[in-house]
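Per the numbering used here: the sequence shown = residues 72 to 160.
All C-beta atoms, glycine included, are put in the ideal place defined by N, C-alpha and C.
In what follows, a structure is listed as structure tokens, so that the remarks can point back to it.
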Amino acid sequence: IGHQFKDTKPQALQQSLTEQICQLSGGPCIYEGPDMETVHAEMDINKSDFHALIEVLQAAMDAQSIPFAQQNRLLALLAPMHHDIITVR
Numbered sequence: 072i073g074h075q076f077k078d079t080k081p082q083a084l085q086q087s088l089t090e091q092i093c094q095l096s097g098g099p100c101i102y103e104g105p106d107m108e109t110v111h112a113e114m115d116i117n118k119s120d121f122h123a124l125i126e127v128l129q130a131a132m133d134a135q136s137i138p139f140a141q142q143n144r145l146l147a148l149l150a151p152m153h154h155d156i157i158t159v160r
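Here it is, written out as structure tokens:
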């Protein structure tokens, strides 16, 4: 997925993802960035790109020994975003 974010500062991407995941999972964080549709509108993201991100997230969670059931709960929270992120149908 690196090519999709070649013009994005890694620190900013990390912070944005952290805030979103924290907020979605009920944490104290508040995501204050732009909506997903706006951010991804010109990125030509297809289903394969979206699935690649999910795989990266799963690998990161595996590396942190996050139990599979918790991973699934988080991914279920992220899944509805695909409508706004996938721009190539």
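- If you draw a straight line from the Cα of P81 to the Cα of Q75, it is about 12 Å long.
- As the crow flies, the alpha-carbon of N117 is around 11 Å from that of I72.
- With 16 or more other Cβ atoms inside 10 Å of its own Cβ, I156 counts as buried.
- Within 10 angstroms of the beta-carbon of H111 lie 16 or more other beta-carbons, which makes it buried.
- Taken atom to atom, the span from the alpha-carbon of V159 to that of H122 is near 13 Å.
- In this chain, the alpha helix (DSSP H) harbouring I92 covers P81 to L95.
- Looking from the CA of P151, the closest CA among M107, P138, C93 and D78 belongs to M107.
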